[in-house]
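So for the sequence shown, the numbering used here puts the first residue at 1315; every next one is plus one. For every residue, glycine included, the Cβ atom is placed at its ideal position computed from N, Cα and C. Please read these numbers as outputs of a predicted model, since none were measured by experiment. First up is the structure itself, then whatever we jot down about it.
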Amino acid sequence: MKKYLVFLLTLFLFIINSNAQVRFGLKSGLNISSLHGDDAGDLDSKLGFAAGFLLSYQTKSIFILQPEISYTMKGATTKVGSVSFTLAYDYVEIPILFKFALPLDDSPNLKPSVFAGPFIAFKTKAKIIAKANGESDEADIKKVTPRDYGFQVGAAMGFGLGKYELGFDIRYILGLSSIDESIDHFDVKNNVLNINLYFCFANMQKLN
């Protein structure tokens, strides 16, 4: 994970020293996650939390480069008889998003955009939680890959507030690699619908 953080720091330093509009932001939101793949079975969705930081880099064009780092909760749920089970997978996720602004001439303070890009995620927790009759128990899930890879795509709407920007986005996060590393190599991938609120601070170039 260290080499990816070094890469992200290098990208951060390049961005803030470039001749462009650079904004630092905070984001937080809701995950509606599930598992997909040939061996995922009939599982239900799980609600989770996601929060992190973003860096928005925009030249005078409509193109925006936006690296992020987030703590995100994924997984799924199911029920067998009177026992409910939750598969809880937590990650530190690093997407690199390529955004395209969709300027509105009549409403310059409205900032719609669409985006897509790859991500890598590093597992911090993998547990199964069983609940029945008001009691619960949990155990670690051992055979889960330490990293997850995939692709994100979505749309955002920002609202200009002077030097700041408040907005929301909705994105689909598709895992492209199986998270199972057991001897059977089951095909099970993460699948997330994510809804975020974000707040971006003033152009960092003007703060230097």
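Segment limits, beta strand (DSSP E) that includes residue i
| i | result |
| --- | --- |
| Ser1342 | Gln1335 to His1350 |
| Glu1479 | Tyr1478 to Gly1489 |
| Asp1462 | Arg1461 to Leu1475 |
| Ser1359 | That residue, Ser1359, is in no beta strand (DSSP E); it is neither H nor E in DSSP. |
| Asn1505 | Lys1503 to Cys1514 |
| Asp1545 | No answer is possible for residue 1545: it lies beyond the span of the chain, which begins at 1315 and ends at 1522. |
| Ala1402 | Val1397 to Ala1415 |
| Ser1427 | Leu1424 to Ala1446 |
| Gly1389 | Phe1377 to Val1394 |
Residue i and residue j closer than 9 Å at C-beta
| i | j | result |
| --- | --- | --- |
| Ile1493 | Ile1346 | no |
| Lys1413 | Val1428 | yes |
| Glu1526 | Ala1470 | Nothing about residue 1526 can be read from this structure; the chain reaches only from 1315 to 1522. |
| Ala1415 | Phe1377 | yes |
| Asp1353 | Val1502 | yes |
| Tyr1500 | Gly1339 | In the sequence as presented, Tyr is not what sits at residue 1500; that position holds Phe. Cβ atoms of Phe1500 and Gly1339: not closer than 9 Å. |
Buried versus exposed call for residue i [16 or more other C-beta atoms within 10 Å across all chains shown]
| i | result |
| --- | --- |
| Ser1342 | exposed |
| Lys1520 | Per-residue confidence for Lys1520 stands at a pLDDT of 48, beneath the threshold of 50, marking its modelled position as unreliable; no derived number is given. |
| Asn1522 | Summary for Asn1522: the model assigns pLDDT 46, below 50, so the residue's position carries little reliability; its value from the coordinates is reported in the next sentence. With fewer than 16 Cβ atoms within 10 Å of its Cβ, Asn1522 is classed as exposed. |
| Arg1532 | What is shown of the chain runs 1315 to 1522, which leaves residue 1532 out entirely. |
| Asp1483 | buried |
| Gly1489 | buried |
| Lys1425 | buried |
| Ile1497 | exposed |
| Ser1491 | exposed |
| Gly1464 | buried |
| Leu1418 | exposed |
| Arg1461 | exposed |
| Leu1369 | buried |
| Gly1448 | exposed |
| Glu1495 | exposed |
| Asn1423 | exposed |
| Val1506 | buried |
| Lys1456 | exposed |
| Gly1481 | buried |
| Ser1375 | exposed |
| Val1397 | exposed |
| Gly1476 | exposed |
8 Å contact criterion, which residue i and residue j should meet: CB distance rounded
| i | j | result |
| --- | --- | --- |
| Glu1452 | Leu1411 | About 34 Å separates the two Cβ atoms, so there is no contact after all. |
| Lys1388 | Tyr1371 | Not really, about 27 Å apart at Cβ, beyond 8 Å. |
| Tyr1385 | Gly1366 | 6 Å |
| Gly1395 | Pro1409 | That pair is no contact at about 39 Å. |
| Leu1349 | Ala1390 | 5 Å |
| Asp1454 | Ala1440 | 7 Å |
| Phe1433 | Tyr1478 | The pair is not a contact, with the Cβ atoms about 26 Å apart (cut-off 8 Å). |
Neighbour flag for residue i against chain B, beta carbons, 9 Å
| i | result |
| --- | --- |
| Phe1433 | Among the chains of the structure shown, chain B does not appear; only one protein chain is present. |
Cβ-heavy atom distance, residue i to the ligand MN, below 8 Å
| i | result |
| --- | --- |
| Lys1341 | The ligand MN is absent from the structure shown, which contains no ligands of any kind. |
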